[in-house]
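Numbering (my numbering), first residue to last: 131 to 361.
Note that beta-carbon positions come from the ideal geometry of N, C-alpha and C, so glycine has one too.
In this text, all values refer to a predicted model and were calculated from it rather than measured experimentally.
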């Protein structure tokens, strides 16, 4: 979207209907479940506008009922696949709780990829839920800070803090100076190189990411799906 998406506010309904961009079966490319077969459910709309974002989460008009969504997930899911990844856009912008509960009722694992600025109090406190937060702003929702499983930072060479090696500024305005949220001691941290669609810059970003992980004890993750030939 490259910073051109509409900024959409949180819309907390009863969760029986969600705006869905797409549902597809693939391998999770990054983070704690990298390499796992999974069904991705991409929700429409985002409450932020990141200047480098390359994801389409606005073009679909599909708003299925919860039953229709579960049928679609089941149709995409091989019997052995027990991981559903909810991504966006920003998933917490909509009431995803009923959908999550339906997944848990089938004893599936659920990973939610979020920017961490929003929260839903009704989200179950269940070990089968993994919350991976990629901070884009200086502050996260306090409940997200308490519940998140891991933090994921996108690394661009030359734009890292000297002390912790993490990105310096908010992603909401290119050239911004406001520092994005920093991890606390209990948080697992993943670093991922920014894909700038340029081989030379991408190599520099990868080297910066590797050096940061080695120096600070973070975990390296990459967008594996882009090299594996899967969505």
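- The beta-carbon distance between residue 169 and residue 206, rounded to whole angstroms, is 5 Å. This is short enough to meet the 8 Å contact definition.
- Three or more beta-carbon pairs drawn from the stretch 258 to 274 and the stretch 234 to 249 are found closer than 8 Å, and the two stretches are therefore classed as touching.
- The straight-line gap separating the alpha-carbon atoms of residue 202 and residue 174 is approximately 16 Å.
- Taken through DSSP and simplified to helix, strand or coil, residue 323 comes out as strand.
- If you ignore the 5 residues before and after residue 289, its C-beta comes within less than 8 Å of the C-beta of 297, 298, 299, all in its own chain and listed in chain order.
- In the same chain as residue 166, and ignoring 5 residues on each side of it, the C-beta atoms closer than 8 Å to its own belong to 157, 158, 213, in chain order.
- By the Cβ criterion, the stretch 305 to 319 is not in contact with the stretch 183 to 198, since fewer than three pairs of Cβ atoms, one from each stretch, lie closer than 8 Å.
- Secondary structure of residue 280 (DSSP, three-state): strand.
- Of all alpha-carbon atoms in 248, 349, 227, the one lying nearest the alpha-carbon of residue 256 is that of 227.
- In the three-state scheme derived from DSSP, where H, G and I count as helix and E and B as strand, residue 166 is classed as coil.
- If you look at residue 357, you'll find it in the alpha helix (DSSP H) that goes 355 to 358.
- Here residue 223 is not near residue 199, since their CB atoms are 8 Å or more apart.
- Per the coordinates, the alpha-carbon of residue 251 lies some 20 Å from the alpha-carbon of residue 196.
- A straight-line Cα-Cα distance of about 7 Å links residue 151 and residue 188.
- Rounded to the nearest angstrom, the gap between the Cα atoms of residue 318 and residue 342 is 14 Å.
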